[in-house]
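Asker: Numbering-wise (the working numbering), the sequence shown opens with residue 7 and increments by one.
Note that CB positions come from ideal geometry on N, CA and C, so glycine has one too.
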Amino acid sequence: MNSVAPISSLADTLQSRLKQSVQYLNNSNQVVEDLELGINTIKRRSEGLLKFAEVYRNLNKITTPNLKNVYVRDLFETMYSLMHPTLNQKGIEMEIVLKDPELIIEVDASLIEQVLINLIVNAIEAVKEVPHPRIILTAYVSDTTMPAIKVSDNGTGISEEVMNNIFIPFFSTKKNGSGIGLSLCKQIMMLHKGKINVQSVPEQGTVFTLQF
Ligand SMILES: Nc1ncnc2c1ncn2[C@@H]1O[C@H](COP(=O)(O)OP(=O)(O)OP(=O)(O)O)[C@@H](O)[C@H]1O
Ligand SMILES: [Mg+2]
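Here is the structure:
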């Protein structure tokens, strides 16, 4: 964090210097726009790095998550109320399938909410351009008697090549992505001694499974 903070503030200073001196510059070949774009990128990415470092630092402080018995239905309800305005606005259908409304998992609710938000946001981004976009939240107890939560989407899917990298910090295929979401999810699941898995078929969709 110490080494990134000055980059971010330097980019800030350069940006305002550029604004002040723009009238004196010869803007042939769109030099000024290029500079603006470059400085802006440095600024955005260094701010992203700072945010990432801060979240990671806070996460690393949590050596033992604050485990409590939590109803999965409560987690799903929180997700629904948080996400439904966005989903409505984007015309995405969200289905919740919970056969056993009494299903309980022992987790740190605020951390697991963070995981679900990241997965749902990824799903929203993945279904952006498909017809009948749809996201499904499911929870059940698997054969191994481990409770599991699944977040499924009928979006773009993930190619094999991309699949190898998705949990690596900063890996992103998105223009404005930070590549933080899934590495945080993995970190949080590790804190819970749980697992996160993914199955995906390109052009059909993706399923992320959390096992507790
Ligand atoms: N549901 C999904 N469908 C298709 N691709 C996905 C899905 N979830 C993740 N990915 C791929 O995994 C990459 C990494 O995801 P991750 O959430 O870590 O970062 P990001 O979404 O790109 O950026 P950030 O979450 O930090 O804003 C994405 O860029 C995307 O290529
Ligand atoms: Mg993401």
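Kindly give me the distance between the Cβ atoms of L109 and P175, rounded to whole angstroms, as I take these residues to be in contact under 8 angstroms.
Answerer: Sequence index remark: in the sequence shown, residue 109 carries index 103 (1-based). Sequence index remark: in the sequence shown, residue 175 carries index 169 (1-based). Not a contact, Cβ separation roughly 32 angstroms.
Asker: Output the distance between the C-alpha atoms of F21 and L41, rounded to the nearest integer angstrom.
Answerer: Start at 1 with the first residue of the sequence shown, and residue 21 comes out as number 15. Start at 1 with the first residue of the sequence shown, and residue 41 comes out as number 35. It is Gln, not Phe, that sits at residue 21 in the sequence shown. Approximately 9 angstroms, taken between the alpha carbons.
Asker: Could you check if V28 belongs to the surroundings of ligand 2, using beta carbon to heavy atom distance under 7 angstroms?
Answerer: Residue numbering aside, residue 28 sits at position 22 when the sequence shown is read from its first letter. V28 Cβ: outside cutoff for every heavy atom of ligand 2.
Asker: To which residues does DSSP link I155 through a beta bridge?
Answerer: The count along the sequence shown starts at 1 and reaches residue 155 at position 149. A145 and L216.
Asker: Can you list, in chain order, the residues of its chain whose CB lies under 8 angstroms from that of V38, leaving out five sequence neighbours each side?
Answerer: Position 32 of the sequence shown, counted from the start, is the residue given in the question as residue 38. Counting only Cβ-Cβ distances below 8 angstroms, and skipping sequence neighbours, we find L24, V28 and L31.
Asker: The beta strand (DSSP E) spanning V103 covers which residue range?
Answerer: For this step, residue 103 is matched to residue 97 along the sequence shown. Where V103 is concerned, the enclosing beta strand (DSSP E) stretches over E99 to L104.
Asker: Under 8 angstroms by Cβ, that's how I've got T162 and E209 pegged, so tell me the actual separation to the nearest angstrom.
Answerer: Mapped onto the sequence shown, residue 162 falls at position 156. Mapped onto the sequence shown, residue 209 falls at position 203. Right, the Cβ-Cβ distance comes to about 7 angstroms (below 8 angstroms), so this counts as a contact.
Asker: Are the region 181–201 and the region 134–151 touching, with three or more C-beta to C-beta distances below 8 angstroms?
Answerer: Short answer: they don't touch.
Asker: Is N8 a contact residue of ligand 2, with contact defined as CB to any heavy atom under 7 angstroms?
Answerer: One-based indexing of the sequence shown puts residue 8 at position 2. No, the beta carbon of N8 sits no closer than 7 angstroms to any heavy atom of ligand 2.
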